Amino acid sequence: MNTFSRGTLFDIDKFFNGFYQTTPSYRPVTKQADSTLSPKVDIFEQENDYQLIVELAGISKENVTVSIDESTLTIEASNKDTTTDENSGKLLRRERLHGKFVRSFDLGKSVEHNQIKAAFKDGLLILTIPKVKEEVIEPRQIDIH
């Protein structure tokens, strides 16, 4: 039986990654590390912040790190293979992914780097990244002397 592995000719996601991106501050800075894991990331823009939702099914909170260096946000996670137990029986097919990944995003200067919050629930890493508050200049009359 022939199967096609993801990450070859059929990985259209990588081809279009960033192709139609309208938010330049969230383009990936580096390509994903070569790994068996390739979690999906959704990016939402809200009125006061951005939200990144990273799908990390099967990965525990203890195996996830999020860091920021200047304007680069880096997400790292690992998931070990649980099928190596002798009592697991003979492996006939493997579809669950395991390994390590690193993904980085350039946040730019339009966000509050020191106010980023992270939550992990139901296999999802949710990052809330507040926008820098823009100074609103009210129109006014200028007196002439």
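Here the sequence shown is numbered in the working numbering, starting from 1400 and rising by one per residue.
Backbone N, C-alpha and C define an ideal beta-carbon position, used for all residues, glycine too.
What you are looking at is a predicted structure, and each value in this text was computed from that prediction instead of being measured.
Supposed close pair residue i, residue j - CB separation, criterion 8 Å
| i | j | result |
| --- | --- | --- |
| Ile1452 | Val1440 | 7 Å |
| Gly1457 | Gly1498 | Between Gly1498 and Gly1457 the Cβ distance is about 11 Å, and since that is not below 8 Å, they are no contact. |
| Asn1447 | Lys1530 | 6 Å |
Buried/exposed call for residue i, threshold 16 Cβ in 10 Å
| i | result |
| --- | --- |
| Pro1438 | buried |
| Thr1421 | With a pLDDT of 48 at Thr1421, under the threshold of 50, the predicted position of this residue should be treated as unreliable, and no value is reported. |
| Arg1502 | buried |
| Asn1478 | buried |
| Asp1433 | Its pLDDT being 44, under 50, Asp1433 is placed unreliably in this model, and the value from its coordinates should be taken loosely. Exposed. |
| Val1510 | buried |
| Phe1476 | Going by the sequence as given, residue 1476 is Ala instead of Phe. Buried. |
| Ile1474 | buried |
Residue i to residue j span [Cα, whole Å]
| i | j | result |
| --- | --- | --- |
| His1512 | Asp1480 | 34 Å |
| Gln1450 | Glu1533 | 19 Å |
| Lys1520 | Lys1460 | 9 Å |
| Leu1496 | Leu1455 | 11 Å |
| Ile1394 | His1544 | Residue coverage of the chain in this structure runs from 1400 to 1544, which leaves residue 1394 outside it and unanswerable. |
Legend entry - alpha helix (DSSP H) runs contained entirely in the stretch 1464-1527, provided each spans 4 or more residues: You should have found no qualifying run.
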